[in-house]
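Colleague:
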Amino acid sequence: QVRLVESGGGLVQPGGSLRLSCAASGTFFGINAMGWYRQAPGLQRELVASVTRFGNTYYADSVKGRFTISRDSAKNTVYLQMDSLKPEDTAVYYCKVDVRLPGTREFWGQGLQVTVSS
310 QVRLVESGGG LVQPGGSLRL SCAASGTFFG INAMGWYRQA PGLQRELVAS VTRFGNTYYA
370 DSVKGRFTIS RDSAKNTVYL QMDSLKPEDT AVYYCKVDVR LPGTREFWGQ GLQVTVSS
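Residue numbering for the sequence shown follows the numbering used here, beginning at 310 and increasing consecutively.
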């Protein structure tokens, strides 16, 4: 089985920074893409950023230039550095990991509350 453990959410003032982490553990052959999604109240879950096993990254337009995704393949961990946070970044953030078991299956973290408010 695969387990994801997220950490790093919280309350921050506008303009502040937070760093989210998501570590995968268990029995698997490897990890393909890793990503962060978010869901604000009343809205659909949206992809914020993702990184492939080859290091290719994607960012939603709303976070480009402010957020940075990275991964440590040796630790099976993905990070999301969030800078210049805005109130509209307030949401529950979820990591998603595509794991090779064999076959590929996606796993989701439990979610982290990020609140940007003064």
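Using N, Cα and C, we set each Cβ at its ideal position, and we do this for glycine too.
(1) By Cβ distance below 6 Å, which residues in the same chain neighbour R312 in space, the five residues on each side in sequence not counted?
(2) For K384, count neighbouring Cβ atoms within 10 angstroms of its own Cβ and tell me buried if that reaches 16, exposed if not.
(3) Could you pull the start and end residues of the beta strand (DSSP E) that R414 belongs to?
(4) Compute the Euclidean distance between the alpha carbons of E397 and A342, then round it to the nearest angstrom.
(5) Got a sec, what are the start and stop residues for the beta strand (DSSP E) N341 sits in?
(6) Which residues in the same chain have their Cβ closer than 8 Å to the Cβ of T399, if we skip the five residues on either side of it in sequence?
(7) For F363, count neighbouring C-beta atoms within 10 Å of its own C-beta (all shown protein chains included) and say buried if the count is 16 or more, exposed if not.
Modeller: Checking against the coordinates, here is how it stands:
(1) Within the sequence shown, the letter at position 3 stands for residue 312. Taken in chain order, the residues that qualify are S334, G335.
(2) By 1-based counting over the sequence shown, the position of residue 384 is 75. By the neighbour-count rule (16 or more Cβ atoms within 10 Å), K384 is not buried but exposed.
(3) The sequence position of residue 414 within the sequence shown is 105, counting from 1. Note, R414: beta strand (DSSP E), 413 to 417.
(4) Taking the first residue of the sequence shown as position 1, residue 397 is located at position 88. Taking the first residue of the sequence shown as position 1, residue 342 is located at position 33. Distance between the alpha carbons of E397 and A342: 26 Å.
(5) To locate residue 341, count along the sequence shown from 1; it is residue 32. Unbroken beta strand (DSSP E) run through N341: 339 to 348.
(6) By 1-based counting over the sequence shown, the position of residue 399 is 90. Same-chain partners within the cutoff: A349, V423, T424, V425, S426.
(7) By 1-based counting over the sequence shown, the position of residue 363 is 54. With fewer than 16 Cβ atoms within 10 Å of its Cβ, F363 is classed as exposed.
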